[in-house]
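Protein chains: 2
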Amino acid sequence: MSATQRVIIGLSAVVVAASGKGPEVLLSGAPGAIGLPFGSFDPIGHRTFELAVRDFVTSQTGFALGYVEQLYTFGDKGREAPLADMGQSSDADRVVSVGYIALAGSIDEGQRRAGVWADWYRFFPWEDRRSEAGIRALELLLPDLKAWATTTERQSRVAMAFGLHSQSWQESQVLDRFELLYEAGLVHEAQRDRAKGQVLAAPPAERTYVGEPLVSDHRRILATAMGRLRAKIRYRPIVFDLAPARFTLSELQDLVEALCGVKLHKQNFRRTLERSGLVESTGAMHAETGGRPAMLFTRSAVSRQAGATGLSLPLAKR
Amino acid sequence: MSATQRVIIGLSAVVVAASGKGPEVLLSGAPGAIGLPFGSFDPIGHRTFELAVRDFVTSQTGFALGYVEQLYTFGDKGREAPLADMGQSSDADRVVSVGYIALAGSIDEGQRRAGVWADWYRFFPWEDRRSEAGIRALELLLPDLKAWATTTERQSRVAMAFGLHSQSWQESQVLDRFELLYEAGLVHEAQRDRAKGQVLAAPPAERTYVGEPLVSDHRRILATAMGRLRAKIRYRPIVFDLAPARFTLSELQDLVEALCGVKLHKQNFRRTLERSGLVESTGAMHAETGGRPAMLFTRSAVSRQAGATGLSLPLAKR
DNA sequence: ATCACTAATACTCAATCTGAGCATTAGTGT
DNA sequence: ACACTAATGCTCAGATTGAGTATTAGTGAT
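Chains as they are written, first to last, in this note's numbering: chain A, 1 to 318; chain B, 1001 to 1318.
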């Protein structure tokens, strides 16, 4: 075992929940070294990865996961950081991490306090096209990105990923955007990995990074999860695994907007949703908003069937 | 190293090419133990999985791969078979395999002979809804599937996956269908794994299996690849990575039909394709067919941009 | 009570997209 | 010149979408 490196399989989970104000992810680790919940895979004890993920998330955080899906397996040398807290691994080992996304549903304040949750836009401010802050975050990055894009290949990648010209912003291209920022040296992780020999652009002078970093390649895993979730909303009814049991259509719309980081056209959103048959009205109403009371809906039986389709996202003019 | 099992990372590649008559996959192994090209990942020599995949496919088969994409990481205990030919692994090791799909483009007869290629419907006859043979293959399986579906949950899964009631056949649900057949004991692999302790239905009496098996869980990996490719056709212009450089619209349609296993409405296929801007006509014509000569097209610059959309599939009435 | 205010819900209209088919055209071989 | 075959053109109704304008049912303040 001296000549050959060992391979350690790590499992990372992006656990997403919807609180009142938007999508939040479960974090672990000490201040300054924040990351996703992470466990190492035990080839003897665990029969499948998915069981292992459910297992360690529940034991680390007390949450029982609902929907769980494998994201991607990350194995690039030089992008993972040795995880000191794992104990069992030495620097000589090669860590391969299998990323999972899990939906923990709608959580209440109590559960929220039980874990460390964070709005996912803390790590990706530019992904939120609803808020002024998000728009500004991107405007801050664009000049540097353009400066980096010296070849036409780079220019075209930037234009596509960020919806520059006629192309429009595709909310699910989270990973493409992050990778470009990484290659351009505009996120923290790039500097860390540059020190380890990755070929990456140096940061522009006096750079203030936009968006907080995460340990190892966890921000990349989170980007993958965001992209997957945003894409999947369109073709599978997974929003309902994040929404509370009963909701008004406006609440559902807010949730979808928060996940996708875009504004939708309200009337058209209702229309397609009601036609889709994915929701049905409970008789009950919900006042509290200061306007006309809204009907409370639930997901329908249809929405639970495998193969049920997702939501269409009628964008609102900006 | 006695108490803890070692983890071995295997890489499997589904290499797809389009010959004249449809999608073919590259195989390796001896008769009776046919599988996908498979290599083990060397944590020291290989910087990334993708490079490793390109490497071993090229060295095993001489093909340089074009488009490569990670599919899924398979790690269930009891579904992988120990791969005798690997030499380095012992029974005690846990093999985790990272599946990749690669598109080798359009190949000519010479290249075709250089490797062992097989029509992918040999392994999934029921996935071909174009041919009488495919329809009959499914009709053969359905009674047994229905017999297995004793709970409403199973019935609903079967109905959704195979498009039984009002639901329609979704060409990309290849994996769901295969998994149901596996659980129902209707494919070879189920018997093999049952012997290893998996909880699976016994085969119906005097069963003749429909579709050829592959080594280990390679048929599952192939199913994943087929599903991914079929789904991706709709939102990324990947057909062009399989089509020859110049093609008539009918040829392109044949290719898409072969990949998706369905028949499309010819006039509507042309219409959407021409509107999409993904193809442009070369001036040249193509006779050879005995009818009116067809215009030869190429993929356009638009189709090469990242973010370009895929094809819509206007189904033909059955 | 009445009024202003706020959200929710209803309705409208044109533009586009789709499914299905009928019709025409440009080659080939007789 | 004629039959045959595939490619290409054209049409039409129905469904879907984008973008509004118009009502309605609550709230709290005069």
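Virtual Cβ for every residue (Gly too), placed ideally from N, Cα, C. Just so you know, these numbers come straight off a predicted model, no measurement behind them.
Taking all protein chains shown into account, do 16 or more other C-beta atoms lie within 10 angstroms of the C-beta of A:M160, making it buried, or fewer, making it exposed? buried
Looking at A:D217 and A:A109, is the spacing between their C-beta atoms short of 7 Å? The sequence shown places Glu at residue 109 of chain A, rather than the Ala named in the question. Not closer than 7 Å, so no.
List, in order along the chain, the chain B residues whose C-beta lies closer than 9 Å to that of A:M160? Q1305, A1306, G1307 and A1308
Among A:L36, A:G185 and A:S281, which one has its Cα closest to the Cα of A:D144? A:G185
Let me check one thing: in DSSP terms, what residues is A:L264 bridge-paired to? A:L315
Between the CA atoms of A:I238 and A:S303 - distance to the nearest angstrom: 9 Å
Taking 7 Å as the CB-CB limit, is B:T1151 close to chain A? no
The beta strand (DSSP E) enclosing B:L1103, as first and last residue numbers: R1094 to S1106
CA-CA distance, A:G211 and A:D254? 23 Å
Quick check on A:Q173: buried or exposed, where buried means 16 or more other Cβ atoms within 10 Å of its Cβ? buried
Within this structure, are the beta carbons of A:I8 and A:G99 separated by less than 7 Å? no
Limits of the unbroken beta strand (DSSP E) element including B:L1142: Taken as a continuous stretch (DSSP letters only), B:L1142 belongs to no beta strand (DSSP E), being part of the alpha helix (DSSP H) at E1132 to W1148.
Taking its Cβ as the centre, do 16 or more other Cβ atoms sit within 10 Å of B:A1308, making it buried, or is it exposed? buried
Give the secondary structure of B:P1043 by DSSP, where H, G and I count as helix, E and B as strand, and everything else as coil. coil
DSSP three-state assignment for B:W1126, whether helix, strand or coil: helix
With distances taken between CB atoms, is the gap from B:R1323 to A:P43 smaller than 7 Å? Chain B is shown only over 1001 to 1318; residue 1323 of chain B falls outside these bounds and no answer can be derived.
Reduced DSSP secondary structure (H/G/I, E/B, other) of B:F1178: helix
Three-pair Cβ contact test at 8 Å for the stretch 132 to 146 of chain A versus the stretch 270 to 286 of chain A: no
Do we get a CB-CB distance below 7 Å when we pair A:G75 with the residues of chain B? yes
Mind checking who A:E24 pairs with in its DSSP beta bridge? A:A17 and A:D119
Run through DSSP, which three-state label would A:Y235 get? helix
Shorter than 7 Å from the beta carbon of A:V68 to some beta carbon of chain B? no
Sorted by chain position, which residues of the same chain lie with C-beta nearer than 6 Å to A:A17's C-beta, five sequence neighbours on each side aside? E24, A104 and I107
Would you say A:V25 reaches chain B, if we count a Cβ-Cβ gap shorter than 7 Å as a contact? no
Contacts that A:T48 makes with chain B (C-beta to C-beta distance below 8 Å): G1075, D1076 and K1077
Compare the C-beta of B:P1237 with all C-beta atoms of chain A and state if any pair is closer than 7 Å. no
Using the beta-carbon count (16 or more within 10 Å), is B:S1097 buried or exposed? buried
For A:I8, which of helix, strand or coil comes out of DSSP? strand
Below 7 Å between beta carbons: does that hold for B:S1281 and B:F1297? yes
Note the first and the last residue of the continuous alpha helix (DSSP H) segment covering B:Q1191. H1188 to R1194
A:G310 and A:K232 look like a contact to me (Cβ under 8 Å); what is the Cβ gap, rounded to whole Å? 7 Å
Report yes or no: is there a C-beta of chain B within less than 7 Å of the C-beta of A:P125? no
Quick check on the burial criterion: 16 or more other C-beta atoms within 10 angstroms. Buried or exposed for A:V158? buried
Shortest alpha-carbon distance to A:S19 belongs to which of A:L259, A:L315 and A:K266? A:L259
8 Å Cβ cut-off: residues of chain A touching B:S1156: Q305 and A306
Using the Cα positions of A:K266 and A:A316, report the straight-line distance between them to the nearest angstrom. 8 Å
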